[in-house]
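Residue numbers (the numbering used here): 40 to 173.
Beta carbons are placed, not taken as given, at the ideal position from N, Cα and C, and that holds for glycine.
Okay, structure first, notes after.
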């Protein structure tokens with residue numbers, strides 16, 4: 040989700056994994072063009088989203104997490120440091136790592152959090168089990 044040029048998708052496909060990429064920019068590279076804020080209709084075992092959430096407008100990240108809930112597992116990172124482009128910080132959704140953890144925990148079960156560096160963490164999560172009604 041938010042695959043950009045599709046580098047990770049191409050690498051995984053080369054390794055024999057069946058996978059798709061989606062990004063809002065059409066690079067004519069075999070990836071789906073669309074918004075990760077819109078409902079994903081296909082079923083996936085795992086969803087990967089690297090360095091994307093910090094670019095999502097504050098208050099809309101729940102739409103990404105709702106899509107994540109449709110897969111068994113999720114691997115995604117958040118970056119809470121600056122990313123300057125043209126004199127402007129393009130990381131518009133800044134939260135502390137504890138705030139990200141709380142937000143993630145509202146939607147997903149956190150299996151592991153890996154510190155990549157001072158400003159980046161990787162989350163390994165799985166969808167919460169749906170409660171059955173009796």
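**Report entry** Distance between beta carbons of residue 147 and residue 153, contact taken as under 8 Å
**Finding:** Position 114 of the chain shown holds residue 153. Position 108 of the chain shown holds residue 147. 15 Å between Cβ atoms; not a contact.
Query raised in the report: Distance, Cα to Cα, residue 43 vs residue 62?
Result: Taking the chain shown and counting its residues from 1, the one referred to as residue 43 is at position 4. Taking the chain shown and counting its residues from 1, the one referred to as residue 62 is at position 23. Approximately 6 Å between the Cα atoms of the pair.
Requested in this report: Please report how far the alpha carbon of residue 98 lies from the alpha carbon of residue 165, in whole angstroms.
Outcome: For the purposes of this step, residue 98 is identified with residue 59 of the chain shown, where counting begins at 1. For the purposes of this step, residue 165 is identified with residue 126 of the chain shown, where counting begins at 1. The alpha-carbon atoms of residue 98 and residue 165 are separated by roughly 22 Å.
Query - Cβ neighbour criterion (16 or more within 10 Å) applied to residue 66 - result: In the chain shown, the residue the question calls residue 66 occupies position 27. Exposed, by the Cβ-count rule.
**Report entry** Separation of residue 70 from residue 163, as counted between CA atoms
**Finding:** Your numbering for residue 163 matches position 124 in the chain shown. Your numbering for residue 70 matches position 31 in the chain shown. Each residue's Cα considered, the two are about 24 Å apart.
Query - Residue from 126, 108, 103, 92 whose Cα sits closest to the Cα of residue 82 - result: Translated into the one-based positions of the chain shown, residue 82 becomes position 43. Checked all of 126, 108, 103, 92; the closest Cα to residue 82 is 108.
Query - Counterpart residues of residue 87 in DSSP-defined beta bridges - result: To locate residue 87, count along the chain shown from 1; it is residue 48. DSSP, once it has assigned bridges, lists 114 as partnering residue 87.
Query raised in the report: Roughly how many angstroms separate the alpha carbons of residue 144 and residue 106, rounded to a whole number?
Result: Position 105 of the chain shown holds residue 144. Position 67 of the chain shown holds residue 106. So the two alpha carbons sit approximately 14 Å from each other.
Requested in this report: Going by DSSP, name the residue or residues bridged to residue 161.
Outcome: Residue 161 sits at position 122 when you count from the first residue of the chain shown. 116, 153, per the DSSP bridge assignment.
Query raised in the report: Cα-Cα, which of 89, 150, 118 is closest to residue 128?
Result: Along the chain shown, one-based indexing puts residue 128 at 89. Among 89, 150, 118, the Cα nearest to that of residue 128 is on 118.
Query raised in the report: Which stretch, first to last residue, makes up the alpha helix (DSSP H) that contains residue 141?
Result: In the chain shown, residue 141 corresponds to position 102, counting from 1. Element bounds for residue 141: 136-144.
**Report entry** Limits of the alpha helix (DSSP H) - the one that residue 103 falls within
**Finding:** If you number the chain shown from 1, residue 103 lands on position 64. Note, residue 103: alpha helix (DSSP H), 100-107.
Requested in this report: Measure the Cβ-Cβ separation of residue 116 and residue 155 and say whether it is below 8 Å.
Outcome: Your numbering for residue 116 matches position 77 in the chain shown. Your numbering for residue 155 matches position 116 in the chain shown. In this structure, residue 155 lies closer than 8 Å to residue 116 by Cβ.
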